[in-house]
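A.B. asks: Structure in structure tokens, see below.
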Amino acid sequence: MTTTTAPAPAATTTALRSRTFVQAINEALDLLLADDPRVFLLGEDIGRMGGDFGATRGLFDKYGAERVRDTPLSEAAIIGASVGAAMVGMRPVAEIMFADFIATCYDQMVNNAAKVRYMFDGQFSAPIVVRTATGGGFGGGPHHSQSVEGWFMNVPGLVIVAPSTPADAKGLMISSVEHDDPVLFLEHKALYRVKGHVPEGRYTVPLRSAAVARPGRDVTIVAAMKMTHEALAAAEALAQEGIEAEVIDLRTLRPYDAASVLESVRKTGRAVVAAESPKIGGLAAEFSALIAEECFHDLKAPVVRVAGLDTPIPFSLVLEKYILPGKAEIVAGVKKTLA
Amino acid sequence: MALDFETLLDLYHDMWTIRAFEQGLEREFKKGNVPGMLHIGVGQEATQAAVSAHLNPTDCFFPDHRCHGMFLLAGTPGEKIMAELFGRATGVCSGKGGSLHSADPKVGNFGNNAVEGSMMVTVLGPALAWKMRHEPKVACVMIGDGTVGRGEFHESLNLAQTWKLPVLYACVNNQYAISTWVGASHVSPNIVDIARGYQLPCVQVDGNDIEAAYAATTEAVNYIRAGNGPYFVEYKTYRWQGVFHGEFRPAEEVRHWKEDRDPIRLARQKLLDGGRAQAADLDQIEAGVKAEIERWIDFAMHSPPPDPAKATSDVYAEWEVEPR
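Protein chains in written order, with the working numbering: chain G, 2 to 340; chain X, 233 to 556.
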């Protein structure tokens, strides 16, 4: 069970191992199940079928129905059972098929998992990981496309992890299962088939640690998950115009790595916060407030929030594209800070 | 199903411990010494005593809304429970939990949850873990009749029976969810009628008859410990006091349950029948328990409040809360 910290993906001397994001998660779960008898998986259609997106593919055959456990459509029972099992020393990894469905087990996440350690004065903890597919962009409609991090940003005791690359997904999953508090692990659906270098074997990526996804001097773009990729694409386009944007990939949303964000903004003096969730009360709002509060005198322009429009997610792709932000909106946001 | 004399006498002591605790607590609450809300279980003592007598410290239980009796009988020192309810540093959760959110793993108390019915699904966890690890233990959840309306009730029974988990469902049917009679808001006033659809063994018992409640619990726990899966026991009982907002129940009904169906008075009569116990000895048990509760109240009253900085401990395992 020894773990090492992740080698920087580009700096490894071994041949590049290309894996998709979902394969990286599968590798992490496989290693965790192999190494640690406390770990088991539960969720809807995660067994024989391997999960709606294939994250648990092959694990049922390898580890059996006890440890890769198909459940009924009982989200509250999935999370409640996970919390209770964690209270007696297990390390459950639950899958909620779509993040939208968490509304049906919100009570267990917020009133139970997040508070077990606190209200019982440290006598219990609930080290569970709740994996879920989040985000829109594929015509899933109002109940299969939401970005739910805002629902949980206001819940002390929860950890929210939100990787953007396959290498981080694997390392952060292993960190999350090793971690002693409940983790909501957000997997953006648009990233599942994205490929990248994934180191072999067991390694961790630290929680509450943001990454500089691209260095730059003129403006800071703070993002996570799919929006990190949109921010990188925006930065590439801006570079053609001589604007060097620094992209901060948050990786953990709560509790977050404020120091990395603030250090970057103090350097660049400009900040765009990009998030897919609606503007009001969401991720963009939180980081905008943080930057305004801590870096006001370093700022050369007001912070710009690039977020989803304040609507539910519509079904038609034309409508969905209209409300979700992307590269173009981030470029426009950056230009606003430079105007 | 008559109990042997020693067991019955122990249970009589247990029931008086609960009643004296609750009555002392209520008195202090009315004086303003106990913050927050008050949910006491006077009238329901036989149910708690019967369930508690069947659990080991290595089992677990999730106590219900009127839970102090379960805390006590499990073995947490009474003064630590009283101090918790007074919000003091010496409480079992250092004043962070209070009546509706207190745990003590040393005695198998896995904590209650003030959102009625939420523990129905949490109890699946230890039961599942123990089954996977081949540990022959019982995971008990105490629930009220009002819990039946929650989806979690149904998710839990379905999954426990499908997976044959070692869960004791101890349903304390005191017949009212605050002001609403259970039969007015559910298809049946008998919870077993609803639970039976999930195909686990279900039994309804007089929760104010300590011998009947005890016997039903014995049968349930034996079944569970033998590895057969979950078991549902409905203890029909009644809470004596009204609720914050007043008394909504028929006066004659309340009188009947208090005067004719008092579980302690019924147990006392059984002990006295045939000269097995002397009234003076039983009075002494009552007096002794009441004196002890006064010591716990005194301990709580003289305990310091928590250090305010305690409010930020144990939010996360690794990280401190940001200062204001």
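Glycine included, every Cβ here is placed at the ideal spot set by N, Cα and C.
Indicate whether Ala-148 of chain G and Gly-136 of chain G have their beta-carbon atoms separated by less than 7 Å.
C.D. replies: One detail in the question is off: residue 148 of chain G reads as Ser in this sequence, not Ala. Going by C-beta atoms, Ser-148 of chain G is nearer than 7 Å to Gly-136 of chain G.
A.B. asks: Is there at least one Cβ from chain X nearer than 7 Å to Pro-207 of chain G's Cβ?
C.D. replies: So, not an interface residue.
A.B. asks: Do Met-120 of chain G and Gly-349 of chain X have their beta-carbon atoms positioned less than 7 Å apart in this structure?
C.D. replies: No. Outside cutoff.
A.B. asks: Can you list, in chain order, the residues of its chain with a C-beta nearer than 6 Å to that of Arg-508 of chain X? Leave out the 5 residues immediately preceding and following it.
C.D. replies: So the qualifying residues of the chain are Phe-237.
A.B. asks: Going by the CB atoms, is the gap between Leu-332 of chain X and Val-266 of chain X shorter than 7 Å?
C.D. replies: Cβ atoms of Val-266 of chain X and Leu-332 of chain X: not closer than 7 Å.
A.B. asks: For Val-475 of chain X, which of helix, strand or coil comes out of DSSP?
C.D. replies: Strand at Val-475 of chain X.
A.B. asks: Cα-Cα, which of G:Glu-264, G:Lys-280, G:Asp-122 and G:Asn-27 is closest to Lys-63 of chain G?
C.D. replies: Taking only the C-alpha atoms, the option nearest Lys-63 of chain G is G:Asn-27.
A.B. asks: Taking DSSP as the reference, what is the three-state secondary structure of Met-98 of chain G?
C.D. replies: Looking at Met-98 of chain G - three-state DSSP - the assignment turns out to be strand.
A.B. asks: How is the beta strand (DSSP E) around Val-435 of chain X delimited, first residue to last?
C.D. replies: Looking at the DSSP string, the run of the beta strand (DSSP E) that includes Val-435 of chain X is 434 to 438.
A.B. asks: List, in order along the chain, the chain G residues whose C-beta lies closer than 7 Å to that of Lys-328 of chain X?
C.D. replies: By Cβ distance, chain G contributes Tyr-119, Met-120 and Asp-122.
A.B. asks: Per DSSP, what kind of secondary structure is Lys-502 of chain X in: helix, strand or coil?
C.D. replies: It is helical.
A.B. asks: Could I get the ranges of all uninterrupted beta strand (DSSP E) runs contained in the region 194 to 258 of chain G, with 3 residues as the minimum, in chain order?
C.D. replies: If we require 3 residues or more, the beta strand (DSSP E) runs fully inside the region 194 to 258 of chain G come out as 196 to 198, 212 to 215, 220 to 224, 246 to 250 and 252 to 255.
A.B. asks: Can you confirm whether Ser-75 of chain G, when its beta carbon is compared against all beta carbons of chain X, has any partner nearer than 7 Å?
C.D. replies: Yes, Ser-75 of chain G lies at the interface with chain X (some Cβ there is under 7 Å from its Cβ).
A.B. asks: Helix, strand or coil, according to DSSP, for Thr-21 of chain G in the structure here?
C.D. replies: Thr-21 of chain G: strand per DSSP, three-state reduction.
A.B. asks: Closer than 9 Å, Cβ to any Cβ of chain X: which residues of the region 82 to 112 of chain G, in chain order?
C.D. replies: Those would be Ala-82, Ser-83, Val-84, Gly-85, Ala-86, Ala-87, Met-88, Val-89, Gly-90, Met-91, Pro-93, Thr-105, Cys-106, Asp-108, Gln-109 and Asn-112, in chain order.
A.B. asks: Using a beta-carbon distance below 7 Å, is Gly-378 of chain X in contact with chain G?
C.D. replies: No, no contact with chain G.
A.B. asks: With the cut-off set at 7 Å, would you say Val-370 of chain X and Val-453 of chain X are in Cβ contact?
C.D. replies: Contact flag set, yes.
A.B. asks: To the nearest angstrom, how far is it from the Cα of Ala-523 of chain X to the Cα of Gly-256 of chain X?
C.D. replies: Going from the Cα of Ala-523 of chain X to the Cα of Gly-256 of chain X covers about 10 Å.
A.B. asks: So Ser-126 of chain G contacts chain X; which residues on that side make the cut at Cβ distance below 8 Å?
C.D. replies: Ala-549, listed in chain order.
A.B. asks: Quick test of your reading: Asp-181 of chain G and Pro-216 of chain G, contact by CB under 8 Å. State the CB separation rounded to the nearest angstrom.
C.D. replies: No, Asp-181 of chain G and Pro-216 of chain G are not in contact; Cβ-Cβ is about 33 Å, not under 8 Å.
A.B. asks: Where does Trp-368 of chain X fall in DSSP's three states?
C.D. replies: Here residue 368 of chain X turns out to be Pro, not Trp, going by the sequence shown. Residue state, collapsed to three classes: coil.
A.B. asks: Do you know offhand how far Phe-22 of chain G's Cα is from Val-199 of chain G's?
C.D. replies: Each residue's alpha carbon lies about 9 Å from the other.
A.B. asks: Go ahead and pull the three-state DSSP assignment for Gly-618 of chain X.
C.D. replies: Here chain X has residues from 233 to 556 only, and residue 618 of chain X is not among them.
A.B. asks: DSSP on Asp-36 of chain G, reduced to helix/strand/coil?
C.D. replies: Helix, per DSSP.
A.B. asks: Is there a Cβ of chain G sitting closer than 7 Å to that of Asp-505 of chain X, yes or no?
C.D. replies: So no, Asp-505 of chain X is outside the interface.
A.B. asks: According to DSSP, is Glu-466 of chain X part of a helix, a strand, or is it coil?
C.D. replies: Glu-466 of chain X falls in the strand class under three-state DSSP.
A.B. asks: Give the straight-line distance between the Cα atoms of His-300 of chain X and Ala-302 of chain G, rounded to the nearest whole angstrom.
C.D. replies: So the two alpha carbons sit approximately 58 Å from each other.
A.B. asks: How about Pro-555 of chain X: is its C-beta nearer than 7 Å to some C-beta of chain G?
C.D. replies: Taking Cβ atoms only, chain G never reaches closer than 7 Å to Pro-555 of chain X, which makes this a no.
A.B. asks: If we ignore side chains and look at the alpha-carbon of each, how far apart do Val-184 of chain G and Arg-58 of chain G end up?
C.D. replies: Computed Cα separation, rounded: 22 Å.
A.B. asks: Less than 7 Å separating the beta-carbons of Gly-123 of chain G and Pro-358 of chain X?
C.D. replies: Contact flag unset, no.
A.B. asks: Between the Cα of Met-533 of chain X and the Cα atoms of X:Ser-417, X:Glu-311 and X:Asn-345, which residue gives the shortest distance?
C.D. replies: Answer by Cα proximity: X:Glu-311.
A.B. asks: Tell me whether Trp-50 of chain G is buried or exposed, calling it buried when 16 or more other Cβ atoms sit within 10 Å of its Cβ.
C.D. replies: Position check: residue 50 of chain G holds Met in this sequence, whereas Trp was assumed. With fewer than 16 other Cβ atoms within 10 Å, it is exposed.
A.B. asks: Would DSSP call Ala-549 of chain X helix, strand or coil?
C.D. replies: Reduced to three states, the DSSP call for Ala-549 of chain X is coil.
A.B. asks: Can you confirm whether His-333 of chain X, when its beta carbon is compared against all beta carbons of chain G, has any partner nearer than 7 Å?
C.D. replies: By this cut-off, His-333 of chain X is an interface position.
A.B. asks: In the region 223 to 256 of chain G, which residues sit with their C-beta less than 9 Å from some C-beta in chain X, listed in chain order?
C.D. replies: For the region 223 to 256 of chain G, which is checked against every Cβ of chain X, the residues closer than 9 Å are Pro-256.
A.B. asks: Taking only three categories from DSSP, how would you classify Ser-278 of chain G?
C.D. replies: DSSP places Ser-278 of chain G in strand when its eight states are reduced to three.
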